[in-house]
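Peer 1:
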Amino acid sequence: MKLFLDTANVDEIREIAAWGILDGVTTNPSLIASEGRDFIQVIAEICDIVKGPTSAEVIAQDVAGMVREGRMLAKISEHVVVKLPLTEAGIAATSVLSKDGIRTNVTLCFQPVQALLAAKAGATYISPFVGRVDDVSWDGNDLIEQIVGIYLNGDHQTQVLAASIRHPLHLVQAALAGADVATCPYKVLKAALKHPLTDIGNERFLADWSKVGDQDIVGQVERFLAKR
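Mapping to my numbering: the sequence shown position 50 is 46, numbers consecutive.
Structure representation (structure tokens):
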């Protein structure tokens, strides 16, 4: 499963990209607005850092407006994926943009049949909102599993991008359910790396190593190689 970062904060993206595990980034109008910066400049910077799929969302609510904005956004970088809402206009615009060869991410998916329609429209990604589905007393993981099953049965090429990830368990569940991608907030990816037993074990290793006379591993290897 690929991992995307769900943010428009360039500093967060640089930090996670340095781990070498980041495959792409998703943004939305709320995330862009929270940064208080120029929308186009932020998208361009993200594309330069990640050099992978970067979702940039249209604002227009009519088909013609979505298509026009989508075509312009795609010109920012080869890495831009045009993000569209799962509305009648959004599905129609997805069909047009897909025929243009422009990658799309259809967002705000809350039921399997919506995902089917997005796939029929040629969407590159479908974004079911796991956490928000959980909020209304249905298991977001079930939604992922059902969409994956529908796509496999119909041989659809649309990738399932699990969104609204709230905690590391959502990541595990999405991976087990067969999601192609999960997009996570910065704090979730940071939390996924942490476990108290990892920290305790590392501290014990370092405490034991502190008792060794020569603690310089690099120096030891250099001297070893010099004797060969």
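All C-beta atoms in this analysis are idealised placements derived from N, C-alpha and C, irrespective of residue type, glycine included.
Please classify E199 as buried or exposed, where buried requires at least 16 other C-beta atoms within 10 Å of its C-beta.
Peer 2: Burial call: exposed.
Peer 1: DSSP beta-bridge partners for P124?
Peer 2: C105
Peer 1: For V132, does the three-state DSSP call read helix, strand or coil?
Peer 2: Coil.
Peer 1: Within its chain, find whatever has a CB closer than 6 Å to the CB of R64; leave out the 5 residues flanking it on each side and keep chain order.
Peer 2: none
Peer 1: Would you call Q153 buried or exposed, if buried means 16 or more other Cβ atoms sit within 10 Å of its Cβ?
Peer 2: exposed
Peer 1: Along the chain, where does the beta strand (DSSP E) that runs through L1 open and close?
Peer 2: K(-2) to D2
Peer 1: Fully enclosed by the region 134 to 213, which beta strand (DSSP E) runs are 3 residues long or longer?
Peer 2: 155 to 158 and 177 to 180
Peer 1: Under three-state DSSP, which class holds A89?
Peer 2: helix
Peer 1: What's the call for I12, buried or exposed, on a 16-neighbour Cβ count within 10 Å?
Peer 2: buried
Peer 1: Can you tell me whether A167 is buried or exposed, with buried defined as 16 or more other CB within 10 angstroms of its CB?
Peer 2: Reading the sequence as shown, one finds Leu at residue 167 and not Ala. Result: buried.
Peer 1: At a cut of 8 Å, does the region 113 to 120 reach the region 89 to 104 through at least three beta carbon pairs?
Peer 2: yes
Peer 1: Please return the same chain residues whose Cβ sits closer than 6 Å to the Cβ of L104, not counting the five positions on each side in sequence.
Peer 2: P81 and L82
Peer 1: Assess, as a yes-or-no matter, whether the region 191 to 206 is touched by the region 20 to 28 under the definition of 3 or more beta carbon pairs within less than 8 Å.
Peer 2: Output reads no: the region 191 to 206 does not touch the region 20 to 28.
Peer 1: Start and end of the alpha helix (DSSP H) containing S51?
Peer 2: Segment T50 to E53 is the beta strand (DSSP E) holding S51; no alpha helix (DSSP H) there.
Peer 1: Leaving out five residues before and five after L139 in sequence, what residues of the same chain have Cβ atoms less than 6 Å from its Cβ?
Peer 2: P124 and V129
Peer 1: Is there a C-beta anywhere in chain C that falls below 8 Å from the one on V63?
Peer 2: No chain C is part of this structure, which consists of one protein chain only.
Peer 1: Select from K47, F106 and K95 the residue whose C-alpha is nearest the C-alpha of H75.
Peer 2: The candidate whose alpha carbon is nearest that of H75 is K47.
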